[in-house]
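In what follows, a single structure is set out as structure tokens and then discussed.
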Amino acid sequence: MKRRRFAEVNFYTTDWPIDTDQDMSDGFYFAKDNWDDYGFKTTYQVVACFEGEKNDLGNINITVYPYSSSDVISFDKIKKNLHSQNIISLGNLEYYRFLNNIFDEKDRIEYLKILGDLAFDDEKLEELYNNPNFQTIFSWAHKKDVIRDSFFRNNNYNEVIDQFHRVTLGGSYQDKYEVNLINLNEEEIFKFNVDPNSKIPTSMYSIIGNNGSGKTNFLKQIISFYHYQKNGSLLDNAEEKLYSDRSNLNQFNSLVCFSYSPFDSGFKKEDSDIYKFIGINFSNTEDLSEIIAKDIHKLFTEVGKRYRTKLGNIIKKFSFDPWFLQIEHAIDMENFSLEDVKKLSSGQKIILLNLLNLIIYVSEKTFVIIDEPELFLHPPLLKAYIRAIDEIISDANGVCLLATHSAIVLQELAHINIRKIVRNFDNNQNRIESISIKTFGESISYINNAIFGTDLRNTGFYKFIVDLIKEDKTELDKIDFIFGSEALLVKKFEEVSDEEN
1 MKRRRFAEVN FYTTDWPIDT DQDMSDGFYF AKDNWDDYGF KTTYQVVACF
51 EGEKNDLGNI NITVYPYSSS DVISFDKIKK NLHSQNIISL GNLEYYRFLN
101 NIFDEKDRIE YLKILGDLAF DDEKLEELYN NPNFQTIFSW AHKKDVIRDS
151 FFRNNNYNEV IDQFHRVTLG GSYQDKYEVN LINLNEEEIF KFNVDPNSKI
201 PTSMYSIIGN NGSGKTNFLK QIISFYHYQK NGSLLDNAEE KLYSDRSNLN
251 QFNSLVCFSY SPFDSGFKKE DSDIYKFIGI NFSNTEDLSE IIAKDIHKLF
301 TEVGKRYRTK LGNIIKKFSF DPWFLQIEHA IDMENFSLED VKKLSSGQKI
351 ILLNLLNLII YVSEKTFVII DEPELFLHPP LLKAYIRAID EIISDANGVC
401 LLATHSAIVL QELAHINIRK IVRNFDNNQN RIESISIKTF GESISYINNA
451 IFGTDLRNTG FYKFIVDLIK EDKTELDKID FIFGSEALLV KKFEEVSDEE
501 N
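See the structure below:
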């Protein structure tokens, strides 16, 4: 459905119940139901009609505040800002979702403000709820409050504050669900257990493994199996189905895959209603930096119109970077030129490109796959980037699976959400294991040693020290003034081991 500008949308006051079989002009129709809650009559039926399509949005609560039974609400006057009284309202989930679909952010906010929506204005809701205005409408009903006894007769306060408020800001309703990936031996590979009430991050997961272990191939298999569960057929390049039908990846509404590898990783590039691939075409003969800058500028214009507040909140996570402070200012001013984009570093461009794509394409229950999120990024940007991804995915009640080599990434994830691919090169088979060490907030050196230990000890300064001890320990003593704490520990450990041997 085409998005509308609030200024162009009409409000109509009509009789209850609304007859949707009649011809209707485009706009919102409001009809007062005669239902009363202890004397309070605040229930209205709402129907939206656009392009001949009629949507019954159910019942919402609207009233003048303080409540008076003699007040008549004229919605066409509200729309024209001619209504002098203080209007408050509270909608339902379907109603708020429709507003997200029909309006861009600026117009949606204007709509919610003019109707005094309490799910949107949670500070006002808290004030009215905690300071009830008790009135006696009927003598037998004793004193009642229009907020507590009418607006919240069929609504839950915590749900409105926690869930409806998020939806009015353009987010998703978050519910608890579980998605399982089970292999053909009926062994559980991954359990994506999303729980918005959990204090443990439940949206971010990772698959790790050494180079050549098959992480990217594992991601491709998941994408193919997702298509199988949604459409009944594997992707063209899939050799066979590798997972059990007891898996339920089809609970995800869509899948978005990010890969910025300069090598062709073989991910499906063709988009569909349920799938989106986001990457860079390195074979393009044009200047890649120019292409990325143009993409960012185009996406920024779209996001700035629809999700300006959301983008601004995400960018604040990068406030340690002066360039992102300028971006934040540009969002506020709604002015971020192509020349401004071109001045960004490669890492800044990649992050901004990813964040913009995530904000646009991640909707309710989206499964996001990111291959090597650490590419092109230095540690502070990477850590802030992972936290930003988590916020965007959590807000959409989705799941993100990262394939990574980075201890910095693992430092931001709970170990219970990480799996490791171990490859047996003798029979060319993989097995997938849980990891036992706690990674969240753990030191990077410990994660590297515990997870990638054998490989690390055969490379870099580890191998340099070991080889020099074998050749001539006295030479090592001459250069230990350049050693950091970990190198000194390795030196000491290897010297003791060498003496024992």
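With the numbering used here, the residue at position 283 of the sequence shown is 283, and numbering never jumps. Backbone N, C-alpha and C define an ideal beta-carbon position, used for all residues, glycine too.
Secondary structure of residue i, DSSP reduced to three states
i: residue 396; result: coil
i: residue 65; result: coil
i: residue 420; result: strand
i: residue 391; result: helix
i: residue 292; result: helix
i: residue 173; result: coil
i: residue 571; result: Any question about residue 571 goes unanswered here, given that the chain covers just 1 to 501.
i: residue 414; result: coil
i: residue 21; result: coil
i: residue 4; result: strand
i: residue 234; result: coil
i: residue 377; result: coil
i: residue 464; result: helix
i: residue 122; result: helix
i: residue 71; result: coil
i: residue 324; result: helix
i: residue 446; result: helix
i: residue 268; result: coil
i: residue 242; result: coil
i: residue 286; result: coil
Cβ-based burial, residue i [other Cβ within 10 Å; buried from 16]
i: residue 33; result: exposed
i: residue 270; result: exposed
i: residue 393; result: buried
i: residue 176; result: exposed
i: residue 20; result: exposed
i: residue 86; result: exposed
i: residue 52; result: exposed
i: residue 434; result: exposed
i: residue 282; result: exposed
i: residue 412; result: buried
i: residue 48; result: buried
i: residue 1; result: exposed
i: residue 194; result: buried
i: residue 369; result: buried
Heavy atom of the ligand GDP within 8 angstroms of residue i beta-carbon
i: residue 128; result: Summarising the ligand content, the structure contains no ligands, and the ligand GDP is consequently not present.
Within-9 angstroms CB hit, residue i to chain D
i: residue 193; result: The chain inventory of the structure shown lacks chain D, comprising one protein chain alone.
Where the beta strand (DSSP E) through residue i begins and ends
i: residue 224; result: Segment 215 to 231 is the alpha helix (DSSP H) holding residue 224; no beta strand (DSSP E) there.
i: residue 431; result: 429 to 434
i: residue 167; result: Counting along the chain, residue 167 falls outside any beta strand (DSSP E), though it belongs to the alpha helix (DSSP H) covering 165 to 168.
i: residue 187; result: Looking at the DSSP string, residue 187 is not in any beta strand (DSSP E), and its letter there is neither H nor E.
i: residue 526; result: Look at the range of the chain in this structure, 1 to 501, and you will see that residue 526 is not part of it.
i: residue 407; result: No beta strand (DSSP E) holds residue 407; the alpha helix (DSSP H) holding it covers 407 to 410.
i: residue 95; result: Careful: residue 95 lies outside any beta strand (DSSP E), inside the alpha helix (DSSP H) at 93 to 102.
i: residue 205; result: 204 to 208
i: residue 199; result: Segment: none, residue 199 is in no beta strand (DSSP E) and carries neither H nor E.
i: residue 29; result: 27 to 32
i: residue 152; result: Per DSSP, residue 152 belongs to no beta strand (DSSP E) and is neither H nor E.
i: residue 279; result: 275 to 279
Element boundaries [alpha helix (DSSP H), containing residue i]
i: residue 255; result: Where residue 255 is concerned, there is no enclosing alpha helix (DSSP H), although the beta strand (DSSP E) it sits in stretches over 254 to 259.
i: residue 342; result: 338 to 342
i: residue 348; result: 346 to 361
i: residue 113; result: 105 to 114
i: residue 368; result: Residue 368 -> not in any alpha helix (DSSP H); beta strand (DSSP E) instead, spanning 366 to 371.
i: residue 48; result: Segment 43 to 50 is the beta strand (DSSP E) holding residue 48; no alpha helix (DSSP H) there.
i: residue 77; result: 75 to 79
i: residue 13; result: Taken as a continuous stretch (DSSP letters only), residue 13 belongs to no alpha helix (DSSP H), being part of the beta strand (DSSP E) at 11 to 14.
i: residue 478; result: 473 to 479
Beta-carbon separation (whole angstroms), residue i vs residue j, contact threshold 8 angstroms
i: residue 104; j: residue 306; result: 5 angstroms
i: residue 345; j: residue 253; result: That belief does not hold up - the Cβ atoms of residue 345 and residue 253 are roughly 34 angstroms apart, past 8 angstroms.
i: residue 246; j: residue 182; result: 5 angstroms
i: residue 399; j: residue 192; result: 5 angstroms
i: residue 89; j: residue 125; result: Residue 89 to residue 125, Cβ: 11 angstroms. No contact.
i: residue 170; j: residue 100; result: 6 angstroms
i: residue 205; j: residue 358; result: In fact, because the Cβ distance is near 16 angstroms, the residues do not count as touching under 8 angstroms.
i: residue 371; j: residue 258; result: 7 angstroms
i: residue 415; j: residue 437; result: 6 angstroms
- [ ] Tell me, please, whether the region 361 to 379 touches the region 250 to 262 by the rule of three or more beta-carbon pairs shorter than 8 angstroms.
- [x] Using a C-beta cut-off of 8 angstroms, the region 361 to 379 makes contact with the region 250 to 262, since at least three inter-stretch Cβ pairs fall below that distance.
Open item on the list: Check whether the region 14 to 26 and the region 81 to 97 are in contact - that is, three or more C-beta pairs closer than 8 angstroms.
Closed with: Contact between the region 14 to 26 and the region 81 to 97 is absent, because fewer than three Cβ pairs lie under 8 angstroms.
TODO: Would you be able to state if there are at least three C-beta pairs under 8 angstroms between the region 400 to 418 and the region 206 to 226?
DONE: Contact check between the region 206 to 226 and the region 400 to 418: three or more CB pairs, one atom from each, fall below 8 angstroms, which counts as touching.
Task: At least 3 beta-carbon pairs within less than 8 angstroms: the region 382 to 402 vs the region 426 to 434 - done: They do not touch, by the three-pair rule.
Open item on the list: Quick check: the region 336 to 344 against the region 288 to 307, are at least 3 beta-carbon pairs closer than 8 angstroms?
Closed with: With the cut-off at 8 angstroms, the region 288 to 307 and the region 336 to 344 touch.
Task: Touching by the beta-carbon criterion (3+ pairs, under 8 angstroms), the region 36 to 49 and the region 145 to 157 - done: The region 36 to 49 is in contact with the region 145 to 157.
Open item on the list: With a threshold of 8 angstroms, are at least 3 pairs of Cβ atoms found where one atom belongs to the region 379 to 387 and the other to the region 183 to 190?
Closed with: The region 379 to 387, when compared against the region 183 to 190, does not touch it at the 8 angstroms Cβ threshold.
Task: contact_flag[the region 433 to 451, the region 465 to 479] where n(CB pairs < 8 angstroms) is 3 or more - done: In the pairwise beta carbon analysis, the region 433 to 451 is classified as not touching the region 465 to 479: fewer than three pairs are separated by under 8 angstroms.
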